[in-house]
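**Q**
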Amino acid sequence: MTLSDVGDADRFVDLAGLLESCEVDGFHADFLSWGHYQPEYWRNYWHTHSFHEVCLAYSGEGRFNNGSVQYDVLPGSVFLARPGDVHEIESSRTAPLGIAFWGFTFRPVDSGARRPDGDRHAASARPDASGWSSGLTRPDGPVMATRTGSLPSLITALATEAAAPVSGYSTVLSGLGAALVLETARAFALDEDLAVEPVRRDRGLLVVEAMQRHLRDNLSRPITVRDVAAVVHLSERHAERVFTQQTGASIMSTLRRLRLELAAQLLLDHSLSVTAVARACGYSDVRPFSTAFKRHYGRTPGDHRRTGGTEFL
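Going by UniProt numbering, the first residue of the sequence shown is number 1, and it counts up by one from there.
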C-alpha cells in the first residue's frame, strides 16, 4: 500500500463506533476521532485537545503550527499534537492538502504491570523511557516525522474493514487498531529508542523443525527423503546433512522412531487392532511392524499391550 491508496480510504471515518479502544504492550488507547479530508482548501484554527491527534498527509501541501513552531507539510508527513498542545493546520490553496487523521488517549494499563520477561513496563513509571512508546510519552519529543512505516497500509486496511463489517470484525479492528497506535508511536520515537538487540535466528534449526513437523504430520503416509526435502525447498543431500547436523540422526531413522513412539501410545487403546495401529503408523503389514517394534522396544506389540506399556524386570 502507498500514500495514494490512503486517498481512497475515505471510509476511515466509519471506524467511529466500531473501533473504540485497544490494548498494546501494556498501554490502553481509547479512540476518540477518525477523519479523512480530500485534497481541497481547509483550515482548522488554533485549538487544543485532551488526547493525541495524529495526521498523515497523503497529497498536497500545507502547514502545521504547534505552539510557536511552524512546520511545512508534504505528502508523507506525519504530524502530532500531544494533549495540551495548542496547534492549527492550514491547507495550501494552490496544492490542497489531503490527510487522514485519528485521535486517541494513551495511558499505561497498570503501573505495576510486568512484561513477560519479568521487568516492569518502564514507560509506565517514566514518561521519558526509551522504547517505541516514547514517541507518545516523551513530552519534548518530535511532533513532525516522515517515518510512515506501515501507516498507509493500516489506514487502508482499517477503512476496508469498516466499510463492510462481517463476522469477526471487532477482533480484526482491535488488532489493526493496536498496530496503528504502535506504528504512530514509532513514527515519533527517536532512532535510539527504537533500537533493539539484533534478533538472531538459527536458520538450520528452523529448517529442521519444519522437517520434523512434516514427519509428525504424515506418520501414516509413505514418506521419502525427497518429500521432506521438498517441504523446505532443499536438495535431498542438503536436507539430510542439515537434519543430521542438528539432531544427530538421519531423517529416515527419525521417521522410524516417531512412528514407533506413536505405535506405543496407540497400542494402549484396546479398541484398536494391532493391524490398525500398524497402518496408522505407516506400516502396510503387521509383520514388518512387529519386527521393527520388537527391535526398538525389546518386546512385541502384543506384550507391550498386555503390560500396559510397562516393562517388568
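All C-beta atoms, glycine included, are put in the ideal place defined by N, C-alpha and C.
#1: Does DSSP put alanine 189 in a helix, a strand or coil?
#2: Kindly indicate the opening and closing residues of the alpha helix (DSSP H) around glutamate 161.
#3: Quick check on the DSSP output: the alpha helix (DSSP H) that includes alanine 280 runs from which residue to which?
#4: What would DSSP say about isoleucine 251, mapped onto helix, strand or coil?
#5: For my contact list, isoleucine 223 and leucine 215 are in at a C-beta cut-off of 8 Å; report their separation, rounded to the angstrom.
#6: DSSP three-state label for serine 4, please.
#7: Along the chain, where does the alpha helix (DSSP H) containing alanine 195 start, and where does it finish?
#8: For tyrosine 45, name the three-state secondary structure that DSSP assigns.
#9: Need the endpoints of the alpha helix (DSSP H) that glutamate 53 sits in, please.
#10: When you compare only the Cα positions, how much space is there between leucine 260 and serine 220?
#11: Would you call leucine 205 buried or exposed, if buried means 16 or more other Cβ atoms sit within 10 Å of its Cβ?
#12: Helix, strand or coil for glutamate 20 per DSSP?
#13: Taking a contact to mean a Cβ-Cβ separation below 8 Å, would you say valine 231 touches methionine 211 in this structure?
#14: Which residues in the same chain have their Cβ closer than 7 Å to the Cβ of glycine 62, if we skip the five residues on either side of it in sequence?
#15: Between glycine 141 and threonine 2, what straight-line distance do the alpha-carbon atoms span, to the nearest angstrom?
#16: Would phenylalanine 106 and alanine 29 qualify as a contact pair, given that the criterion is a beta-carbon distance under 8 Å?
#17: Can you tell me the Cα-Cα spacing of histidine 36 and alanine 57, whole angstroms?
#18: What residue range is occupied by the uninterrupted beta strand (DSSP E) comprising phenylalanine 233?
#19: Let me check one thing: in DSSP terms, what residues is alanine 81 bridge-paired to?
#20: Since glycine 302 and valine 274 should fall inside the 8 Å C-beta cutoff, what is the C-beta to C-beta distance between them, to a whole number of angstroms?
#21: For aspartate 8, which of Ala16, His238 and Gln38 has the nearest alpha-carbon?
#22: When you compare only the Cα positions, how much space is there between serine 59 and methionine 144?
#23: Mind reading off the beta-carbon distance from aspartate 193 to serine 150? Whole number of angstroms is fine, and I expect it under 8 Å.
#24: Could you tell me the distance, in whole angstroms, from the CA atom of aspartate 128 to the CA atom of arginine 138?
#25: Buried or exposed, going by whether 16 or more other CB atoms sit within 10 Å of the CB of valine 207?
#26: Assign serine 33 to one of three DSSP states: helix, strand, or coil.
#27: Can you round the beta-carbon distance between phenylalanine 12 and leucine 158 to whole angstroms, since I take them to be within the 8 Å contact cut?
#28: Could you say which of Trp34, Gly67 and Tyr41 lies nearest to histidine 47 if we only look at CA atoms?
#29: Assuming alanine 292 is part of the alpha helix (DSSP H), what are its boundary residues?
#30: Tell me the rounded alpha-carbon separation between valine 228 and glutamine 246.
#31: Since valine 225 and glutamate 240 are thought to touch, with beta carbons under 8 Å apart, how far apart are those beta carbons, to the nearest angstrom?
#32: According to DSSP, simplified to helix, strand and coil, what is alanine 95?
#33: Determine the contact status of tyrosine 283 and phenylalanine 289, defining contact as a CB-CB distance below 8 Å.
**A** For this structure:
#1: Translated into positions along the sequence shown, residue 189 becomes position 189. Correct three-state label for alanine 189: coil.
#2: Stepping through the sequence shown from its first residue, residue 161 is reached at position 161. Taken as a continuous stretch (DSSP letters only), the alpha helix (DSSP H) holding glutamate 161 covers 151 to 163.
#3: Taking the first residue of the sequence shown as 1, we reach residue 280 at position 280. Per DSSP, alanine 280 belongs to the alpha helix (DSSP H) from 274 to 280.
#4: Position 251 of the sequence shown, counting from 1, holds the residue named residue 251. Helix.
#5: For the purposes of this step, residue 223 is taken as the residue at position 223 of the sequence shown. For the purposes of this step, residue 215 is taken as the residue at position 215 of the sequence shown. Isoleucine 223 to leucine 215, Cβ: 7 Å. Contact.
#6: Numbered from 1 along the sequence shown, position 4 holds the residue referred to as residue 4. The answer is helix: DSSP assigns serine 4 an H, G or I state.
#7: As a working mapping, residue 195 is identified with position 195 in the sequence shown. Per DSSP, alanine 195 belongs to no alpha helix (DSSP H) and is neither H nor E.
#8: As a working note, residue 45 is residue 45 in the sequence shown. Strand, per DSSP.
#9: Residue 53 sits at position 53 when you count from the first residue of the sequence shown. That residue, glutamate 53, is in no alpha helix (DSSP H); its beta strand (DSSP E) goes 52 to 59.
#10: Numbered from 1 along the sequence shown, position 260 holds the residue referred to as residue 260. Numbered from 1 along the sequence shown, position 220 holds the residue referred to as residue 220. Whole-angstrom Cα-Cα distance: 11 Å.
#11: Position 205 of the sequence shown, counted from the start, is the residue given in the question as residue 205. Classification for leucine 205: exposed.
#12: Walking along the sequence shown from the start, residue 20 turns up at place 20. Residue state, collapsed to three classes: coil.
#13: The residue given as residue 231 occupies position 231 in the sequence shown. The residue given as residue 211 occupies position 211 in the sequence shown. Yes, the pair counts as a contact, with Cβ atoms nearer than the cut-off.
#14: Your numbering for residue 62 matches position 62 in the sequence shown. Excluding sequence neighbours, glycine 62 sits near Val73, Ile89, Glu90, Ser91, Ser92 and Leu97.
#15: Within the sequence shown, the letter at position 141 stands for residue 141. Within the sequence shown, the letter at position 2 stands for residue 2. When the Cα atoms are used, glycine 141 and threonine 2 turn out to be separated by approximately 26 Å.
#16: As a first step, residue 106 is located in the sequence shown; it is residue number 106 there, counting from the start. As a first step, residue 29 is located in the sequence shown; it is residue number 29 there, counting from the start. A contact, by the Cβ cut-off of 8 Å.
#17: Residue 36 sits at position 36 when you count from the first residue of the sequence shown. Residue 57 sits at position 57 when you count from the first residue of the sequence shown. Approximately 10 Å between the Cα atoms of the pair.
#18: Here residue 233 is taken as the residue at index 233 of the sequence shown, counted from 1. First, the residue type needs correcting, since residue 233 is histidine and not phenylalanine in the sequence shown. It is not in any beta strand (DSSP E) - histidine 233 carries neither H nor E in the DSSP assignment.
#19: Taking the sequence shown and counting its residues from 1, the one referred to as residue 81 is at position 81. In the DSSP output, where bridge partners are listed per residue, alanine 81 has Glu53.
#20: Here residue 302 is taken as the residue at index 302 of the sequence shown, counted from 1. Here residue 274 is taken as the residue at index 274 of the sequence shown, counted from 1. Yes, glycine 302 and valine 274 are in contact; Cβ-Cβ is about 7 Å, under 8 Å.
#21: Locating residue 8 in the sequence shown gives position 8, counting from the first residue. Of Ala16, His238 and Gln38, the residue nearest in Cα terms is Gln38.
#22: Counting from 1 along the sequence shown, the entry for residue 59 is found at position 59. Counting from 1 along the sequence shown, the entry for residue 144 is found at position 144. When rounded, the distance between both Cα atoms is 16 Å.
#23: The residue given as residue 193 occupies position 193 in the sequence shown. The residue given as residue 150 occupies position 150 in the sequence shown. Actually they do not touch by this definition, with Cβ atoms about 18 Å apart.
#24: Counting from one through the sequence shown, the residue named residue 128 turns up at place 128. Counting from one through the sequence shown, the residue named residue 138 turns up at place 138. Any reading at aspartate 128 must be qualified, since the residue scores a pLDDT of 44, below 50, and its modelled position is unreliable; no value is offered.
#25: In the sequence shown, the residue the question calls residue 207 occupies position 207. Valine 207 comes out buried.
#26: Here residue 33 is taken as the residue at index 33 of the sequence shown, counted from 1. In this structure, serine 33 counts as strand in the three-state DSSP scheme.
#27: In the sequence shown, counting from the first residue as 1, residue 12 sits at position 12. In the sequence shown, counting from the first residue as 1, residue 158 sits at position 158. Right, their Cβ atoms sit about 6 Å apart.
#28: Against the sequence shown, residue 47 aligns to sequence position 47. Residue Gly67 is the option with its Cα nearest to histidine 47.
#29: By 1-based counting over the sequence shown, the position of residue 292 is 292. Counting along the chain, the alpha helix (DSSP H) containing alanine 292 begins and ends at 286 to 297.
#30: In the sequence shown, counting from the first residue as 1, residue 228 sits at position 228. In the sequence shown, counting from the first residue as 1, residue 246 sits at position 246. Taking the straight line from one Cα to the other gives about 15 Å.
#31: Sequence index remark: in the sequence shown, residue 225 carries index 225 (1-based). Sequence index remark: in the sequence shown, residue 240 carries index 240 (1-based). So it is a contact: roughly 6 Å between Cβ atoms.
#32: Stepping through the sequence shown from its first residue, residue 95 is reached at position 95. Coil.
#33: Taking the sequence shown and counting its residues from 1, the one referred to as residue 283 is at position 283. Taking the sequence shown and counting its residues from 1, the one referred to as residue 289 is at position 289. A contact, by the Cβ cut-off of 8 Å.
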